[in-house]
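Residue numbers (this note's numbering), protein chains in the order written: chain A, 2 to 156; chain B, 107 to 368.
Written out as C-alpha cells, the structure reads:
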C-alpha cells in the first residue's frame, strides 16, 4: 500500500491505496464520487475525463499514485454555490445529451477545450472532442452546447 | 491489472539504479497503463519518471532544438520555441491521439515504445534527430530497430531528443479514424545534409523513402513525389488497410507533407 494525498474539488483527501489503483477507482470507490464514469476501460471513450492540475486526462489511464500532490477536479466540482457551471447549463439548455452516460466526461473535456480555445469554431470543437465518444446524440447538440457555453464563458 | 510495486524517484541516476529485470519505467502511461490493464504486460515494479524535473523541458541552442524525454505532447504542440524552430514538429505533436492523451503522453515514452503507427518516429528519422540516454547518444535511424523494438537496453533511459533545425519540414498523416494513430504518415525535411523522407505507419517500423529523397533533392515539390509508386511487399496489412492501400498513401501523404512544408 502507498499513501496518496491530493486535493479533489477543493478538499484535501488522503488514503492508503495499492499502487495498481486507477485514479478513477480512487475517485469512485474511495471518495464515492460516482459522477466520473467508466465507459470503455480501454482509454478510448473519455467518459472518465477529469482535470488534473487543470488539464483534462482520462482517469482510467492514470494511477492514483501518479496524482499524489495534484489538484483534481471532477464533474462534482464544477457547480459553485448550487449554480451549474456555464458548460453544464449549456448542455442542459441545448439538450447536449440523450442517455447521459458520456456527459460528465464530455463536459470536463469541453471545459478544458474552451480554456485552451476561448472562441472555438465548430471544427475546433469537433476535433478537440476526439477523445470523447457519444453513442446517442450524433454529437450535433453537444457541439452546439460547447459553442453556446464558450460564448457565455466570455469567449 | 496485476499488482506491482511503485517508486517515484526524483533523479535519473536514482531511476536507473532502481530498475530491475522485470520492472518498467512509467512515462506518460498512455500505452503502458492500457497494456497492463489488458494483462498484455506485467511488471514487478513501475518506476514513475513523473517526478524527475531534469527530464522535462524544451530549449533551442544555435541550430539545435532539444526536447526532454518527459515533455508532454501538448507542451511540444504549444511551445513557441518549437513553433518557430520546427513548425512541422509542433503540428505533428498537436495531432497525436486526442487532447487527453496529449495532456499525459510524452516524447520519451512514445519513442521508447516504438509503436509502428506512432507519429514521433517519423519526425526523428525525417529530421535526423539524436536520442540521448543516460549512457550514450544514438542516431534516430539506429534507435528504431523493428516492431516495438529499439536500441535501448533494459535499464537504459531516454533523457532527451535533439533535433537539428531544418530549412523547412512538413508532416502529413492519414489517421486511423478511431485511434488517430497514423495509418500512414510521412515526414519530409530539407536539411543541411539534404532532403530526408521518413514514413511511419506503413510498415513494421519507421523507414526512409530514398527514391523520394532523390526526387525532392532536384525538385522540392509535391509533383516530384506524387507519381512515385512504392512496392507493397513488406508493408503492413490489417483490418484498417491493405498493403496496397498503404503503399498508395505513402505517395499521397508525401505530396501533402511537401505542400505543408515550412
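Built from N, CA and C at the ideal position, the CB exists for glycine as well.
- In the structure shown, the three-state DSSP call for residue 304(B) is strand.
- What residue 16(A) touches in chain B, judged by beta-carbon distance under 8 Å, is nothing: the nearest beta carbon there is about 15 Å away.
- In the three-state scheme derived from DSSP, where H, G and I count as helix and E and B as strand, residue 367(B) is classed as coil.
- Taking the CA atoms as reference points, residue 63(A) sits about 18 Å from residue 129(B).
- Interface flag for residue 116(A) against chain B is unset, since no Cβ pair is found closer than 8 Å.
- In the DSSP assignment, residue 170(B) falls within the beta strand (DSSP E) that extends over 170 to 174.
- Of all alpha-carbon atoms in 140(B), 270(B) and 352(B), the one lying nearest the alpha-carbon of residue 307(B) is that of 352(B).
- Distance from the CA of residue 368(B) to the CA of residue 276(B), rounded to the nearest whole angstrom, comes to 7 Å.
- Along the region 140 to 167 of chain B, the positions whose C-beta sits under 8 Å from a C-beta of chain A are 140, 142, 143, 144, 152, 154 and 156, read in chain order.
- When DSSP assignments are scanned along the region 210 to 282 of chain B, the uninterrupted stretches of alpha helix (DSSP H) that are 4 or more residues long and fall wholly within it turn out to be 213 to 219, 226 to 233 and 246 to 249.
- Look at residue 167(B) here: in three-state DSSP terms it is strand.
- The three-state reading of DSSP puts residue 86(A) in coil, since its state is none of H, G, I, E or B.
- Residues of the region 65 to 91 of chain A whose Cβ lies closer than 8 Å to any Cβ of chain B, in chain order: 66, 67 and 69.
- Inter-segment contact for the region 45 to 60 of chain A and the region 203 to 222 of chain B is present: three or more beta-carbon pairs are separated by less than 8 Å.
- Put simply, the CB of residue 101(A) is far from chain B, with every gap to its CB atoms at 8 Å or more.
- Considering only 91(A), 38(A) and 42(A), the residue with the shortest C-alpha distance to residue 76(A) is 38(A).
- For the region 24 to 104 of chain A, the continuous alpha helix (DSSP H) assignments of 4+ residues that do not extend past its boundaries occur at 87 to 94, in sequence order.
- Between residue 116(A) and the set 205(B), 223(B) and 217(B), the nearest pair of CA atoms involves 205(B).
- Taking the CA atoms as reference points, residue 163(B) sits about 6 Å from residue 177(B).
- A contact is defined here as three or more CB-CB pairs under 8 Å, and the region 114 to 125 of chain B fails this definition with respect to the region 181 to 193 of chain B.
- Excluding the 5 residues flanking it on each side, residue 31(A) has same chain C-beta neighbours closer than 6 Å at 16, in chain order.
- Here the alpha carbons of residue 8(A) and residue 73(A) stand approximately 6 Å from one another.
- Among the CB atoms of chain A, one or more fall inside 8 Å of the CB of residue 205(B).
- In terms of Cβ geometry, residue 326(B) and residue 296(B) form a close pair [threshold 8 Å].
- If only complete runs of 3 or more residues are kept, the region 128 to 210 of chain B shows the beta strand (DSSP E) at 130 to 132, 151 to 154, 164 to 167 and 170 to 174, in order along the chain.
- Shortest Cα-Cα distance from residue 183(B) to any of 217(B), 299(B) and 226(B) involves 226(B).
- Judged by their CB atoms, residue 118(B) and residue 161(B) are nearer to each other than the 8 Å cut-off.
- In summary, the residues of the region 17 to 37 of chain A whose CB is separated from some CB of chain B by less than 7 Å are 19, 20 and 21, in the order they occur in the chain.
- When DSSP reads this structure, residue 13(A) sits in a beta bridge with 8(A).
- With contact defined as three or more Cβ pairs closer than 8 Å, the region 326 to 338 of chain B and the region 231 to 238 of chain B are not in contact.
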